[in-house]
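Notes for the one structure printed next.
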Amino acid sequence: MRPSNLPIEEGQRLLRLCNACRYCEGFCAVFPAMERRSVFTAADVNYLANLCHNCGECYYACPYTPPHEYALNLPKVLAEIRMETYARSAVPRSFSLAGRNSARAVSALVVVAIGLIVCIVAAFGGFASRGADFYAVIPHEVMAITLGLAFVLAVILMMVAFSRFWRDGIGVPIEAGPLITALGDTLRLTNLDGHGAGCPYPQARLSQMRRWFHHATFYGFLLCFASTCVAASYHFWLGWRAPYPYLSAPVVLGTLGGVGLLAGPAGLLWLRRKRDPALDDLNPRDFGESFIVLLLLASFTGLLLLALRETGAMSWLLTVHLGVVLALFASLPYGKFMHGKFRFAALVRNSFEQSRRGRQLPVERHGTTVIRS
Amino acid sequence: MHAAPTGVLTDAYSEEEYLQDLLQVTEGQTDEELARLTIRASSDCFEWMTRHGVRFQPSLAGTLQLGRTNAFFLGGGKALVNTYYALAEKLGISVLYNAEVTALRVNDGRFESATVSIDGSSIEIQAKALVAASGGFEANMEWLSESWGDAAKNFIVRGTPYNRGKVLRLLLDGGAQKVGDPSQCHAIALDARAPKFDGGIVTRLDTVPLGIVVDRCGQRFYDEGEDLWPKRYAIWGRLIARQTDQIAYSIVDSKTAGLVMPSAFPALEARTIRELGGLLGINADALECTVERFNQSVVEGSFDHTRLDNCRTRGLSPEKTHWALKLDSPPFFGYPLRPGITFTYLGPKVNRRGQVILKDGRPAANVFAAGEIMAGNILGKGYLAGIGMTIGTVFGRIAGMGAADAAK
Numbered sequence: 000m001r002p003s004n005l006p007i008e009e010g011q012r013l014l015r016l017c018n019a020c021r022y023c024e025g026f027c028a029v030f031p032a033m034e035r036r037s038v039f040t041a042a043d044v045n046y047l048a049n050l051c052h053n054c055g056e057c058y059y060a061c062p063y064t065p066p067h068e069y070a071l072n073l074p075k076v077l078a079e080i081r082m083e084t085y086a087r088s089a090v091p092r093s094f095s096l097a098g099r100n101s102a103r104a105v106s107a108l109v110v111v112a113i114g115l116i117v118c119i120v121a122a123f124g125g126f127a128s129r130g131a132d133f134y135a136v137i138p139h140e141v142m143a144i145t146l147g148l149a150f151v152l153a154v155i156l157m158m159v160a161f162s163r164f165w166r167d168g169i170g171v172p173i174e175a176g177p178l179i180t181a182l183g184d185t186l187r188l189t190n191l192d193g194h195g196a197g198c199p200y201p202q203a204r205l206s207q208m209r210r211w212f213h214h215a216t217f218y219g220f221l222l223c224f225a226s227t228c229v230a231a232s233y234h235f236w237l238g239w240r241a242p243y244p245y246l247s248a249p250v251v252l253g254t255l256g257g258v259g260l261l262a263g264p265a266g267l268l269w270l271r272r273k274r275d276p277a278l279d280d281l282n283p284r285d286f287g288e289s290f291i292v293l294l295l296l297a298s299f300t301g302l303l304l305l306a307l308r309e310t311g312a313m314s315w316l317l318t319v320h321l322g323v324v325l326a327l328f329a330s331l332p333y334g335k336f337m338h339g340k341f342r343f344a345a346l347v348r349n350s351f352e353q354s355r356r357g358r359q360l361p362v363e364r365h366g367t368t369v370i371r372s
Numbered sequence: 000m001h002a003a004p005t006g007v008l009t010d011a012y013s014e015e016e017y018l019q020d021l022l023q024v025t026e027g028q029t030d031e032e033l034a035r036l037t038i039r040a041s042s043d044c045f046e047w048m049t050r051h052g053v054r055f056q057p058s059l060a061g062t063l064q065l066g067r068t069n070a071f072f073l074g075g076g077k078a079l080v081n082t083y084y085a086l087a088e089k090l091g092i093s094v095l096y097n098a099e100v101t102a103l104r105v106n107d108g109r110f111e112s113a114t115v116s117i118d119g120s121s122i123e124i125q126a127k128a129l130v131a132a133s134g135g136f137e138a139n140m141e142w143l144s145e146s147w148g149d150a151a152k153n154f155i156v157r158g159t160p161y162n163r164g165k166v167l168r169l170l171l172d173g174g175a176q177k178v179g180d181p182s183q184c185h186a187i188a189l190d191a192r193a194p195k196f197d198g199g200i201v202t203r204l205d206t207v208p209l210g211i212v213v214d215r216c217g218q219r220f221y222d223e224g225e226d227l228w229p230k231r232y233a234i235w236g237r238l239i240a241r242q243t244d245q246i247a248y249s250i251v252d253s254k255t256a257g258l259v260m261p262s263a264f265p266a267l268e269a270r271t272i273r274e275l276g277g278l279l280g281i282n283a284d285a286l287e288c289t290v291e292r293f294n295q296s297v298v299e300g301s302f303d304h305t306r307l308d309n310c311r312t313r314g315l316s317p318e319k320t321h322w323a324l325k326l327d328s329p330p331f332f333g334y335p336l337r338p339g340i341t342f343t344y345l346g347p348k349v350n351r352r353g354q355v356i357l358k359d360g361r362p363a364a365n366v367f368a369a370g371e372i373m374a375g376n377i378l379g380k381g382y383l384a385g386i387g388m389t390i391g392t393v394f395g396r397i398a399g400m401g402a403a404d405a406a407k
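Note that the protein sequences, when read in sequence, are chains A and B. Residue numbering for the first sequence follows numbering that gives the first Met the number 0, starting at 0 and increasing by one per position. Residue numbering for the second sequence follows numbering that gives the first Met the number 0, starting at 0 and increasing by one per position.
So this is what it looks like as structure tokens:
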């Protein structure tokens, strides 16, 4: 019953207690998933830790939080376990930003990336401004190859990290049904919705703020990605060269995305500042904040570039923006960005366990006689 | 009670059926007028609570007898109370914390003021009405030992150590009429390894009806299968309290161990009954003999733990009248049990307006009681799952409205 120093063991201790109470089972997916088992392997704990969306509802409802001798703080312990899953899955592991002071590493990365772009511009293009002609500053092929390679490398590293986590905590057969359900839960952030009431973030009062700011960030990111894809297809297939008019698809998508990527991360940053310290030791130097700041920098420099693309500042703004985006790509496999992939994987397992085939597996559901007083 | 399925309950539960269940568990020791009032008013509780922000658990697949027991709060009791406190704060009601009532000034049934110790300094607070909603005396070991003697020291208190019954004592000494027997309480079979106070829900054990329960000499002492567990679980604490050293042991085998919700502490597990006796610290010969006799007396039937089945023993004293299966499938599991007291039933008598009744039979003009402190009016003994929360909600509202009227 005593707290353990090892996060996995502490997670097992708390889950055993939670499983004997079960009053939280209507809050989110974690508790019904917990109730499907009576013993918790390390893999189960890794899975449940990533199924947790860290809202804190169960903490506020719990009669066993410190100073009670059970010292139960499930969201906080699951957050620690999540950090370990991120760190263990990274390729290489030592590059992971999870659970360490990542502000310095990310700042250095941004400086190096901008420096690299400066060198590339100096070598292949030039800083002398010529209207909005980006490719005079850095030739299209060079830009595409530099950032494209960085992105492809990031995707490969993320896939390896994802498969490591899949082995570490998921390990269910891949089927269409659970994948689709999990995708829906991910895109809607179902587990932050609190059945419509929202969740207690940043403090005990229920609100939808975190969900909406996350949506703005997530869909802002997707819109920026879509903008890039559309622009690439214009260039390669249709032969249309940037800059594109303000009302063209790439600019409209990118602008909307950029605005989302300003408002969303700014809101999330603001919520972090107000977060209940009992639930999260939110360190401004942790990898969550580094990721938010990188997103803000990327959207801010991108929008500024759009606004000032006809001016003499264009070449330098483009250089800085590309440097920030390059740094963002390079940090993706090691930073907070991975949380979405891992949560998605956990939602897949959750959905599989809820599916008919999943229920046929020998998972015991204990306790059909429920006494709760 | 609910005339038709409600948001989370699965079918109707009529006033008569509810009352019959209550009369059965209390053996008639209930104030029928107040009981009917509570049952009737319970049908509005769901709507009223929902309107005030309380959220309920969705109905669970596989949960038994839910239509006959209770709607569970989403997040449990603390979430419920958090909701009410948040609402009170929004309405501009101030709440004093770390505050203990140490004296009440009541003159001829009229409350005048309360002396309150706040963070150690004493102040007197005047008010137009008083609602006593301060619980029983279950954490007051000295008071418990007045009824239970030395046995009280082996009780485990499931809730807060602050439930010492101070206001209850002040009311009873100040002229309120008593109702209930001081030894009657809601007390369950609790894992003996639970902390002395505040272990809460997670240390309860529901294995009793699925196996046998023996005392420290390895002898059975009560029909483990007397009735459905929701109607019996709350008497087992008192049963164990009457055994030597207030300890008992629940023993099940691998056939049924998985049928109950897991609890905070793992079971002690052994390949043989003899070995289990050793682990539990019971005389292994006696335990083996008890199990052997029990197994020989089991009448084959079709086991169904979800209803009163026909698996019983014949020729034992006491018999096990339902869910009697031979203990023959290792591993065997054992849990040490202690009486776990939830709340006591002794309280001031109240009327249907929630007013405290004085010794001369008159109601106190502006003194009301709600919750555990007056639950004994309805629960003379026994328990029906969920009724504590029902009494609390129904009389909380009644007493609140009465106090508001008295304060006009």
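Just so it is clear, CB atoms sit at the ideal spot from N, CA and C, and this is done for glycine as well.
| Check | Outcome |
| --- | --- |
| Going by DSSP, what residue range makes up the alpha helix (DSSP H) through Thr216 of chain A? | 208-232 |
| Kindly indicate which three-state DSSP category Val171 of chain A falls into: helix, strand or coil? | coil |
| Let me check understanding here. Comparing Cα to Cα, which of A:Asp43, A:Met82, A:Tyr134, A:Ala104 lies closest to Ser314 of chain A? | A:Tyr134 |
| Exposed or buried, Ala11 of chain B, counting other C-beta atoms within 10 Å across all chains shown (16 or more means buried)? | exposed |
| Taking 6 Å as the limit between beta carbons, can you name the residues of its chain near Gly334 of chain A, skipping five residues before and five after? | Leu96, Phe286, Phe290 |
| Is it right to say Arg157 of chain B is buried, meaning 16 or more other beta carbons lie within 10 angstroms of its own, or is it exposed? | buried |
| Taking Val80 of chain B as the reference, give the member of A:Cys61, A:Leu77, A:Pro65 with the closest Cα. | A:Cys61 |
| Quick check: the Cα distance between Leu65 of chain B and Ala78 of chain A, rounded to an integer number of angstroms? | Low confidence applies here, because Leu65 of chain B scores a pLDDT of 42, under 50, leaving its location unreliable; read the following figure in that light. Rounded to whole angstroms, Leu65 of chain B to Ala78 of chain A spans 34 Å at the Cα level. |
| Beta carbon of Gly257 of chain A, beta carbon of Cys228 of chain A: below 9 Å? | no |
| Where does Thr25 of chain B sit, in a helix, a strand or coil, going by DSSP? | helix |
| Output, in chain order, the set of chain B residues within a Cβ distance shorter than 8 Å of Asn18 of chain A. | Met260, Pro261 |
| Which class does Asp279 of chain A belong to by DSSP, given the choice of helix, strand or coil? | coil |
| Have a look at B:Glu223, B:Ala98, B:Tyr84 and flag the residue whose alpha-carbon is nearest the alpha-carbon of Ile92 of chain B. | B:Tyr84 |
| Taking only the alpha-carbon atoms, compute the straight-line gap between Ser301 of chain B and Trp322 of chain B and give it to the nearest angstrom. | 9 Å |
| Please list the terminal residues of the continuous alpha helix (DSSP H) segment that includes Ser296 of chain B. | 283-296 |
| If you check the beta carbons only, do Glu83 of chain A and Pro6 of chain A fall under 9 Å apart? | yes |
| Checking the sheet assignment: what are the DSSP bridge partners for Pro362 of chain B? | B:Ile356 |
| Could you please tell me which residues of the stretch 5-37 of chain A, in chain order, have their CB closer than 8 Å to any CB of chain B? | Arg15, Leu16, Asn18, Ala19, Cys20, Arg21, Tyr22, Cys23, Glu24, Gly25, Phe26, Ser37 |
| According to a CB-to-CB cut-off of less than 8 Å, which residues of the stretch 11-26 of chain B neighbour chain D? | No chain D is present in this structure, whose protein chains are A and B. |
| Is there a C-beta anywhere in chain A that falls below 9 Å from the one on Val178 of chain B? | no |
| With DSSP as the reference, label Ala329 of chain A as helix, strand or coil. | helix |
| Could you check the C-alpha separation between Leu16 of chain A and Asp197 of chain B for me, to the nearest Å? | 14 Å |
| Is it buried or exposed, Ser13 of chain B, if we count other Cβ atoms within 10 angstroms and call 16 or more buried? | exposed |
| Span of the alpha helix (DSSP H) holding Val201 of chain B? | That residue, Val201 of chain B, is in no alpha helix (DSSP H); it is neither H nor E in DSSP. |
| Apart from the five residues on each side of it in sequence, which residues of its chain come closer than 7 Å, Cβ to Cβ, to Ala32 of chain A? | Leu47, Leu50, Asn349, Glu352 |
| Per the DSSP calculation, Gln423 of chain B is bridged to which residue(s)? | As shown, chain B starts at 0 and ends at 407. That puts residue 423 of chain B outside it, with no answer to give. |
| With 16 other CB atoms within 10 Å as the buried threshold, where does Lys348 of chain B fall? | buried |
| Take the Cβ of Ser226 of chain A as the centre, count every other Cβ of all protein chains shown within 10 Å, and call the residue buried at 16 or more, exposed below. | buried |
| Please list, in chain order, the residues of the stretch 66-77 of chain A that have any C-beta partner in chain B closer than 7 Å. | His67, Glu68 |
| If you reduce the DSSP assignment to three classes, tell me which class Gly276 of chain B lands in. | helix |
| Per DSSP, Ser146 of chain B forms a beta bridge with which residues? | Answer is none; Ser146 of chain B lacks a bridge partner. |
| Out of curiosity, what's the CA-to-CA distance linking Gly301 of chain A and Tyr63 of chain A? | 48 Å |
| Which chain B residues sit within Cβ distance under 7 Å of Pro138 of chain A? | Within chain B, no residue comes near Pro138 of chain A; the closest Cβ sits about 59 Å away, beyond 7 Å. |
| Output the distance between the C-alpha atoms of Lys273 of chain A and Asp280 of chain A, rounded to the nearest integer angstrom. | 11 Å |
| With a cut-off of 8 Å on the beta carbons, I'd call Ile124 of chain B and Ser112 of chain B a contact; round off their distance for me. | 6 Å |
| So which residues on chain A does Lys89 of chain B lean against when the C-beta distance must stay under 9 Å? | Here the premise fails: no neighbours, minimum Cβ distance about 10 Å. |
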